[in-house]
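What follows is one structure encoded as structure tokens, with my remarks underneath.
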Amino acid sequence: MRASALSAEKVERKLLRSGSKYAKDFVKTRAFRYMLEKFPEMFNKNRFVKEITEAWGARNAIKGVLIESGEEYIVVDAGSGAGYFTVLTALFHPATKVFAVDTHTEFAVEDFRDLKNAERVRMDLFSEEFEKFLSSFKKVILVGIHLCSDLALRFIDLANRVESVRHAVLIPCCVGDREEILSFGFIEDTYEMWCAYLVSKIDTEKFRVISRRDPEILSPKNVVIKMRERVK
Ligand SMILES: C[S@@+](CC[C@H](N)C(=O)[O-])C[C@H]1O[C@@H](n2cnc3c(N)ncnc32)[C@H](O)[C@@H]1O
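Residue numbers (this note's numbering): 713 to 944.
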């Protein structure tokens with residue numbers, strides 16, 4: 713494993729000075745020490761403050777369910793990237809299995825071998841295999857952090873159609889070149905327009921939807937779309 717380019721003190725200072733409550737709270741946890749020791753490469757790049765606040769914000773959105781009945785659910789971090797959310801959630805909720813799904817070959821499937829409840833899976837979110845993977849579990853919480861354009865739409869399509877997906881959290885990224893959004897040139901915030909469009913695609917018979925900006929997430933793309941299955 714590569715050593716961290718930043719010392720532990722520098723990482724801590726950056727998080728504490730970031731202005732986000734999430735980053736400050738994270739520093740106080742054992743998870744922070746663990747991640748620094750086991751996954752130093754996660755703190756190599758300057759982006760880690762943003763990544764931590766996103767992961768914390770997404771976990772906040774499902775914390776209640778996991779505390780109440782975490783052992784009933786598996787969590788799928790769709791398009792996980794390095795896996796900040798996966799590691800954070802696995803550490804905070806040891807009774808819950810978390811899968812980090814991504815196609816990128818940079819991430820080794822054995823990355824999380826020290827965590828008994830986290831696993832990397834190399835799979836394409838657009839594949840039928842992924843749909844089958846989701847269906848193979850009884851209760852799934854699907855999470856997608858910073859998914860762009862078609863990936864965000866695929867995420868919503870899967871949440872709508874796959875029965876085992878009971879809750880979902882999406883923090884969308886850019887709209888890409890989708891003309892149906894870009895044509896609304898008179899709306900100042902294209903990102904918010906894009907998020908509203910995504911929300912309009914959610915099956916509201918299946919889910920109750922709450923969508924809002926989370927200012928503690930240190931990114932201009934900080935809309936959190938939370939979907940909770942309606943109790944029948
Ligand atoms: C913008 S990154 C977000 C990473 C992570 N969720 C985060 O916020 O740090 C998008 C991720 O999706 C992955 N990805 C892109 N297309 C994919 C696909 N078809 N199936 C699975 N993963 C994909 C990329 O490899 C990348 O890691």
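Glycine included, every Cβ here is placed at the ideal spot set by N, Cα and C.
Query: For GLY793, which option in LYS726, ARG834, PHE804 has the closest C-alpha, if you only look at C-alpha atoms?; Result: ARG834
Query: Tell me, please, whether the stretch 846 to 853 touches the stretch 820 to 832 by the rule of three or more beta-carbon pairs shorter than 8 angstroms.; Result: no
Query: Is SER792 close to ligand 1? I mean its beta-carbon at under 7 angstroms from any heavy atom of the ligand.; Result: yes
Query: Should VAL788 be labelled buried (16 or more other beta-carbon atoms within 10 Å of its own) or exposed?; Result: buried
Query: What does MET939 pair with, by DSSP beta-bridge criteria?; Result: ALA880, VAL921
Query: For ARG942, collect the residues of the same chain with a Cβ closer than 7 angstroms to its Cβ; drop the 5 residues on either side in sequence, then sort them by chain order.; Result: LYS918, PHE919, ARG920
Query: At a cut of 8 angstroms, does the stretch 807 to 817 reach the stretch 868 to 875 through at least three beta carbon pairs?; Result: no
Query: Looking at GLY856 and LEU894, is the spacing between their C-beta atoms short of 8 angstroms?; Result: no
Query: Grab the span of the alpha helix (DSSP H) containing LEU859 for me, first residue to last.; Result: Looking at the DSSP string, LEU859 is not in any alpha helix (DSSP H); the run it does join, the beta strand (DSSP E), is 852 to 859.
Query: Please determine if the stretch 776 to 787 and the stretch 752 to 762 are in contact, where contact requires at least 3 C-beta pairs separated by less than 8 angstroms.; Result: no
Query: Taking the alpha-carbon of ASP862 as reference, which of PHE738, LEU837, ASP823 has the nearest alpha-carbon?; Result: LEU837
Query: Whole angstroms are fine: how far does the CA of ALA864 sit from the CA of LYS944?; Result: 27 angstroms
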